[in-house]
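Chains as they are written, first to last, in UniProt numbering: chain A, 1 to 194; chain B, 1 to 194.
Using N, Cα and C, we set each Cβ at its ideal position, and we do this for glycine too.
A short write-up of the structure that comes next.
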DNA sequence: CAAGCAAACTAACAAGTGTTAGTTTTAAGA
DNA sequence: TCTTAAAACTAACACTTGTTAGTTTGCTTG
C-alpha cells in the first residue's frame, strides 16, 4: 500500500520548501503551492495530509540530519579544532543540497505544532554538543579562553545563515567554501604581523 | 493635526514588533495584536492606517538607522579594523534597544509592498559600503588577503543574528558584548602558539 | 476491451482575514 | 456642568484560508 515511489509527494515538498523560503510558511497558501505545481489545491491532498505535515517533513528531516552528522563528528578522536572544521563542512554540505529547506528550519520552526517540542529538543542538544567541543578545545588549549557563548553564537550564526548566501555564490564549490569559511571562523580576518 | 504625542501608535508598533518576532508578520492577525493591546481589532485603526504600515515603520526606520550609522563610521579616518569594530558596536547598540524590530528587518522584509524596493536599495548599499571597508583593509594590509565575500558574509551573518541572542544573554552588557564579539570576529578563536 | 486505481478535477464548507461604517464611552478644558 | 474630540466599541463586509466530498480522467494490467 505504501510501497510506491513517492516522487510526486517529494516534488510537492520540494516546491513547498522553495515557496516557504520566498515568503515564509504562513504566507504561502495551498493554492499558491498548487499553482506552482500546475494543479488545483484540492489535488495536493491526494499526496499529502496537511500543510502542517509538509512543514514537519521539511524541518524534522533536516534537524535529524544535523543531529546524526554531529554525533558522527563527536565519535572521532580528532582535535577539537578539526571537529569544528568538520562541523563547518557538515553545514555547508547539508545546506548546499537543500537551501530551501534550510530557510524553513531557520525561520518557520515556530509553526510546527505536534513536533515543536521534539524539534526544540534536537536543537538544544545540538547546541549543547557544539558548546562541549568549544569547551574541550579551551581545556586542551587549542582555543582561546574567551567567552564560550560569544564564540558559539558567532560561529553558529554564520553557519545557520549559509542558506542565504550559498545560492548567490554558485562559483564557490562546497569544498572551497568549507575550507575558506573554516579559515575565517577559526583564525579571523586580522593580518598578523610576522 | 499631527502634533500629538503619538504614544499610543508607538505602543501598537512596539507590540506588533514583539508579535512579529514570535510568529512572523503573516501569522500575526490584527485580532492577535488587538488582544495583546487589550482592545478590539477595529480600534487599532484609530491609530494606524493598515497592518502593512506597521511593518513599514518597523523596518524602514531601522534600515535607515543602519544606513546613517555606517555613513558616520565611513567619515572617520580610523583604520579599517577600527571601522569594523565600530560596525560591530553599531549592530550591538541598535539591536540592544530594538530586538523585536530586528526580527522583522531580517525575516519579514519581503512582505513590504510599496517600500520593498527602497528597502532593498538601502540593504544593497549597506553591503557595498561594508565590502569597501574590507577591501580597503586588505589593500592597507590590515586584513588578510582572502575571499572578500566569505569574510563579509561571515561577519554580517553574525551581526544580523544578534537579535536572537541578545535577549538570552542579558548578563552581557552592550559594551562587553561588542568588545568580545569584535575580538572573535577579527582575531578568530584559534589559540596561537607564541 | 474491461477493470481498477492513482491522481487529477469541481464544488463547497466553516472559519478566519483586514478593514470600514457608524455608535458609544471616556476624560479633559471651557 | 456642558462641549468636544480622542479612542474605544459593535456589526458587518468581501475575500481568503485549509480542507473535504464526490466525480471524472487517464494510464496500466489482465
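Per-residue contacts from residue i into chain A (C-beta, under 7 Å)
{"i": "residue 165 (chain B)", "result": "153"}
{"i": "residue 36 (chain B)", "result": "Those do not exist, as residue 36 (chain B) stays about 16 Å from chain A at its closest Cβ, beyond 7 Å."}
{"i": "residue 169 (chain B)", "result": "149"}
{"i": "residue 183 (chain B)", "result": "146"}
Contact under 8 Å by Cβ, residue i with residue j
{"i": "residue 152 (chain B)", "j": "residue 131 (chain B)", "result": "yes"}
{"i": "residue 104 (chain B)", "j": "residue 58 (chain B)", "result": "yes"}
{"i": "residue 102 (chain B)", "j": "residue 70 (chain B)", "result": "no"}
{"i": "residue 150 (chain B)", "j": "residue 180 (chain A)", "result": "yes"}
{"i": "residue 107 (chain A)", "j": "residue 107 (chain B)", "result": "yes"}
{"i": "residue 95 (chain A)", "j": "residue 19 (chain A)", "result": "no"}
{"i": "residue 126 (chain B)", "j": "residue 68 (chain B)", "result": "no"}
{"i": "residue 119 (chain A)", "j": "residue 54 (chain A)", "result": "no"}
{"i": "residue 154 (chain B)", "j": "residue 92 (chain A)", "result": "no"}
{"i": "residue 83 (chain B)", "j": "residue 133 (chain B)", "result": "yes"}
{"i": "residue 23 (chain B)", "j": "residue 39 (chain A)", "result": "no"}
{"i": "residue 186 (chain B)", "j": "residue 137 (chain A)", "result": "no"}
{"i": "residue 12 (chain B)", "j": "residue 37 (chain B)", "result": "yes"}
{"i": "residue 16 (chain B)", "j": "residue 33 (chain B)", "result": "yes"}
{"i": "residue 157 (chain B)", "j": "residue 88 (chain B)", "result": "no"}
{"i": "residue 190 (chain A)", "j": "residue 81 (chain B)", "result": "yes"}
{"i": "residue 47 (chain A)", "j": "residue 14 (chain A)", "result": "no"}
{"i": "residue 142 (chain B)", "j": "residue 79 (chain B)", "result": "yes"}
{"i": "residue 112 (chain A)", "j": "residue 56 (chain A)", "result": "yes"}
{"i": "residue 100 (chain B)", "j": "residue 169 (chain B)", "result": "no"}
For residue i, the first and last residue of its enclosing alpha helix (DSSP H)
{"i": "residue 24 (chain B)", "result": "Where residue 24 (chain B) is concerned, there is no enclosing alpha helix (DSSP H), given that its DSSP letter is neither H nor E."}
{"i": "residue 37 (chain B)", "result": "30-37"}
{"i": "residue 246 (chain A)", "result": "Residue 246 (chain A) is absent from the model: chain A starts at 1 and stops at 194."}
{"i": "residue 138 (chain A)", "result": "116-139"}
{"i": "residue 102 (chain A)", "result": "99-107"}
{"i": "residue 176 (chain B)", "result": "174-187"}
{"i": "residue 112 (chain A)", "result": "Careful: residue 112 (chain A) lies outside any alpha helix (DSSP H) and carries neither H nor E."}
{"i": "residue 148 (chain A)", "result": "148-160"}
Interface partners of residue i on chain A, CB under 9 Å
{"i": "residue 24 (chain B)", "result": "24, 25, 26, 27, 107, 108, 110, 111"}
Partners in chain B for residue i, counting only beta-carbon separations shorter than 9 Å
{"i": "residue 190 (chain A)", "result": "81, 142, 143, 144, 186, 187, 188"}
Short CB-CB distance (under 8 Å) between residue i and chain A
{"i": "residue 97 (chain B)", "result": "no"}
{"i": "residue 127 (chain B)", "result": "no"}
{"i": "residue 65 (chain B)", "result": "no"}
{"i": "residue 161 (chain B)", "result": "yes"}
Contact set between residue i and chain B, taken where Cβ atoms lie within less than 8 Å
{"i": "residue 180 (chain A)", "result": "146, 147, 150"}
Any non-hydrogen atom of the ligand MG within 7 Å of residue i CB
{"i": "residue 186 (chain B)", "result": "As for the ligand MG, it is missing from this structure, which has no ligand bound."}
Below-8 Å beta-carbon distance, residue i vs any chain B residue
{"i": "residue 124 (chain A)", "result": "no"}
{"i": "residue 2 (chain A)", "result": "At residue 2 (chain A) the pLDDT is 39, less than 50, meaning the model places this residue with poor confidence; the figure from the coordinates comes in the next sentence. So no, residue 2 (chain A) is outside the interface."}
{"i": "residue 104 (chain A)", "result": "no"}
Chain-ordered neighbours of residue i on chain B, where CB pairs are closer than 7 Å
{"i": "residue 158 (chain A)", "result": "154, 157, 158"}
Beta-carbon neighbours of residue i, restricted to chain A and to distances below 8 Å
{"i": "residue 43 (chain B)", "result": "Per Cβ cutoff of 8 Å: no residues; residue 43 (chain B) is ~24 Å from chain A at best."}
- At which residue ranges does the stretch 48-89 of chain B contain complete alpha helix (DSSP H) runs of 4 or more residues, listed in the order of the chain? Entirely contained in the stretch 48-89 of chain B, the alpha helix (DSSP H) runs reaching 4 residues are, in chain order, 51-75.
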